[in-house]
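Enquirer: Below is a structure I'd like to ask you about.
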Amino acid sequence: MSFVDWEPDDVRKVHEGLLLLGWRADSRLTSDDSLIVRDVAHEALRCAETETLSPDVIDDLAAKAFDVMSFQIMNVDERASMTSGPYKESSLFSRLAPMIDEAILCYYRGYYTAALATLFIILERYLRQLAGWEPGMPDPSFATLRAAVKNHPKSEARDEAEMILSAIYSRYDAQLPPQFLFNRHGLIHGLRGPRHVDRMNCVRMLLLFDVLCSAEGLGRGLVYSDEFYLRHTAYAACQRLGTETKLMLRNQLE
C-alpha cells in the first residue's frame, strides 16, 4: 500500500524523518517505493534520537531517498501535468510558468546547475509576490521572504514549505555549508558541490513548488489539455544525444 493508505501516525513519522533529510513523504510513490522511503525515514529518526545524525549520515540517507523518489516527481507526465495544471491555476506561479518550463527543460537536458539557478529565481519571485512586494518598494529581507509563506492558510503543507525555506535562506557559512549546499547564497557565490547534488536540489525545489501549490489549496492530477500535450512533447523530446551526451558524461567523471 502507498502512503495514502497508511495510518496517519505512520505517515507523520515518515514525514518527520524525511524532513530531517530535506525531503517529505509523497503520495506519488508506489507501494514498494513507499516502504523503502519509510525505512530511510525511520533510520533518520533513529539517528536523530541517538545523536548520530551527522552530515555524512544525512548525505547518505538523503541520496537513498532521492534515488527512490526522483522518478515519481520528475517523470514527464507528472511535470507536464503540474505545470499545465496547479502551476497555471496558481495566482502566483501562473505568471512564472515560462520560467518553470525553462528550468525543467534544462533539467531534462542535464544542465542541473542552470536549472537550479532558474528555480531559485522563480522561488524568489513567487515569495516576493506572496509578501506583497511591488517594484519601487525596498528589497525584502531574507527573513521577510522566509516568512512570506505564512500568508498562506495554516496547513501541514505550509509548515513543510516553511521548514524547507528555512534551509534555503539560512545564513551561509563557507566553513560549515548547509546540507547539500541547498542554499541560494551558496549558488550565487559559486560554492557548489558534486553535480549530482545540484540534480537532487532541482528535484527538491520542484517538490517545494508542489508543496506550495498544496498550501494554496490546489490539488494534483493529470490534466489532458492541448497545453499539456504540447508541454509533454517538448519535455519528452529534450534528451541528451550525441556529442552533448559525451560532454555531459565527461563532466560527471571530472
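5 is the number of the first residue of the sequence shown in the working numbering; add one for each residue after it. We treat Cβ as the ideally placed atom computed from N, Cα and C, and that holds for glycine.
(1) Our contact map puts Ala119 next to Tyr111 with C-beta atoms below 8 Å; I'd like the distance itself, whole angstroms only.
(2) Please classify Met5 as buried or exposed, where buried requires at least 16 neighbouring CB atoms within 10 angstroms.
(3) Quick one: what's got a C-beta closer than 7 Å to Phe232's C-beta in the same chain, skipping five residues either side?
(4) Where Ala241 and Arg50 are concerned, what is the direct C-alpha to C-alpha distance, given to the nearest angstrom?
(5) For Ser145, which residues of its own chain have a beta-carbon under 6 Å away from its beta-carbon, when the five flanking residues on both sides are left out?
(6) In the structure shown, what three-state DSSP assignment does Val227 receive?
(7) Between Ala52, Ser35, Ile125, which has its C-alpha nearest Gly21's C-alpha?
(8) Just the Cα atoms here: how many angstroms apart are Gly136 and Asp36?
(9) State the DSSP-derived secondary structure class of Phe97, mapped to helix, strand or coil.
(10) Pick from Leu191, Val207, Lys158: whose alpha carbon is nearest that of Gly221?
(11) Please confirm whether Ala45 and Ile62 have their CB atoms less than 9 Å apart.
(12) How about Leu215 and Ile168: are their beta carbons less than 9 Å apart?
(13) Would you report the Cα separation of Ala69 and Phe75, rounded to the nearest angstrom?
Expert: In terms of the structure at hand:
(1) Working through the sequence shown from its first residue, we reach residue 119 at position 115. Working through the sequence shown from its first residue, we reach residue 111 at position 107. Contact holds; Cβ gap of about 4 Å.
(2) For the purposes of this step, residue 5 is taken as residue 1 along the sequence shown, with counting starting at 1. Because Met5 sits at a pLDDT of 39, beneath the cut-off of 50, its placement in the model cannot be relied upon, and the point is left open.
(3) By 1-based counting over the sequence shown, the position of residue 232 is 228. If we look at Phe232 and ignore the five residues flanking it on each side, its Cβ neighbours are Ala84, Ser85, Ser88.
(4) For the purposes of this step, residue 241 is identified with residue 237 of the sequence shown, where counting begins at 1. For the purposes of this step, residue 50 is identified with residue 46 of the sequence shown, where counting begins at 1. Going from the Cα of Ala241 to the Cα of Arg50 covers about 43 Å.
(5) For the purposes of this step, residue 145 is taken as residue 141 along the sequence shown, with counting starting at 1. Answer for Ser145: no residue qualifies.
(6) On the sequence shown, residue 227 is found 223 positions in, with the first residue counted as 1. Coil at Val227, not helix or strand.
(7) The sequence position of residue 21 within the sequence shown is 17, counting from 1. That would be Ala52, whose Cα lies nearest to the Cα of Gly21.
(8) For the purposes of this step, residue 136 is identified with residue 132 of the sequence shown, where counting begins at 1. For the purposes of this step, residue 36 is identified with residue 32 of the sequence shown, where counting begins at 1. Near 43 Å, if we compare the C-alpha coordinates of Asp36 and Gly136.
(9) The residue labelled residue 97 in the question sits at position 93 within the sequence shown. The answer is coil: DSSP assigns Phe97 none of H, G, I, E or B.
(10) Translated into positions along the sequence shown, residue 221 becomes position 217. That would be Lys158, whose Cα lies nearest to the Cα of Gly221.
(11) One-based indexing of the sequence shown puts residue 45 at position 41. One-based indexing of the sequence shown puts residue 62 at position 58. Cβ atoms of Ala45 and Ile62: not closer than 9 Å.
(12) For the purposes of this step, residue 215 is taken as residue 211 along the sequence shown, with counting starting at 1. For the purposes of this step, residue 168 is taken as residue 164 along the sequence shown, with counting starting at 1. According to the sequence shown, residue 215 is Val rather than Leu. Yes, these two residues count as a Cβ contact at 9 Å.
(13) For the purposes of this step, residue 69 is taken as residue 65 along the sequence shown, with counting starting at 1. For the purposes of this step, residue 75 is taken as residue 71 along the sequence shown, with counting starting at 1. If I take the Cα positions, the gap works out to 11 Å.
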